[in-house]
Structure formats: C-alpha cells, structure tokens
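Count along the sequence shown starting at 1, add 1317, and that's the number in the numbering used here.
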Amino acid sequence: MNYTEIIEKTYALVDTIKTSNPYLLYIEYEKKVLDDNELKKLLSVFQENKVAFEEVYKYKSYYPNFDEIKKQYQQSKIDLMNHELFKTYKRYEKEIDLYINEIEFKLKRIVNIKEKHEKINMNFKVGGV
C-alpha cells in the first residue's frame, strides 16, 4: 500500500467516524450544551472555582479558607455533573471516546500483525541456507 492509498483510507475512516451514531449524538449534545444558558453559568462557576482551588491546592491546610474554597469547588462540580443535559453530553462523549479507542486498538493489532509477518518473511531464507 502506498502513501496515497493510506491517506485515502484515513480520510475514509474519518468520514465513517463522522457519520457514526455516537459521533452525531455527541455533536448534537455539544451544541445543546453550548446553547444552554443555565449550563453556561454552571460551567463558568465551575471553571472559576477550579482555578481558585488549583491556585491554593499547593498550600492546602496552610492557606486561609482552603476548606471553604475546596467545598465551593466540589459543590460546583456536583452541580455541573448533576445537570441532566451535561450528564447526557458526557455519556455521549464517553461513547465516542470508546468508539475511537476501539478503532485505535484494531489498527494497532493490524500494524502489529503486519510487523510480525514482515519479520518472519525477512528471516525466512529460500533453500534452507
């Protein structure tokens, strides 16, 4: 297989992924997430609390109000994860991730099989010499 064929097959694989049900559902819910004002607010609060928590985390108990900042971060994460639209979005995100991982695994197996056969063919000498 030459380089051009590999590129063509890669584009065909990408097109297959883009037309798959997991990907289409993921894209649909991504748009819904981006358009939902309530969810935008939850995401914004979560990001702010996450940044604040990461800044004080290295000081932990030595930082004043560490426990309060930690609780705010945890609560904002819980609020976000309990939002029904966000849960659905994350479920489809995980599905597409598993789908792509499955494709990756199959490609690695194919490449590994080809590498093994090439090594066998290179070590095999005609005439037993």
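No residue lacks a Cβ here, since even glycine has one placed at the ideal position from N, Cα and C. All values derive from a computational prediction rather than experimental measurement.
Test item: CB-CB of residue i and residue j under 8 Å
i: Phe1403; j: Tyr1390; result: no
i: Ser1393; j: Phe1422; result: no
i: Tyr1416; j: Pro1339; result: yes
i: Leu1359; j: Leu1397; result: yes
i: Lys1375; j: Phe1383; result: no
i: His1400; j: Leu1356; result: yes
i: Ile1386; j: Val1373; result: yes
Exposed unless 16 or more other CB atoms sit within 10 angstroms - verdict on residue i
i: Tyr1320; result: exposed
i: Tyr1477; result: Coverage of the chain is limited to positions 1318 through 1446, which leaves residue 1477 absent and any answer about it impossible.
i: Asn1366; result: buried
i: Tyr1346; result: buried
i: Ile1324; result: exposed
i: Tyr1379; result: exposed
i: Tyr1409; result: buried
i: Ile1427; result: exposed
Span of the alpha helix (DSSP H), counted from its first residue to its last, around residue i
i: Met1398; result: Phe1383 to Met1398
i: Asp1352; result: Asn1338 to Asp1352
i: Lys1326; result: Tyr1320 to Lys1335
heavy atom of the ligand FAD below 7 Å from residue i C-beta
i: Asn1429; result: Ligands in the displayed structure: none, and consequently the ligand FAD is not present.
List in chain order: all unbroken beta strand (DSSP E) runs of 3+ residues lying wholly within the stretch 1351-1375. none
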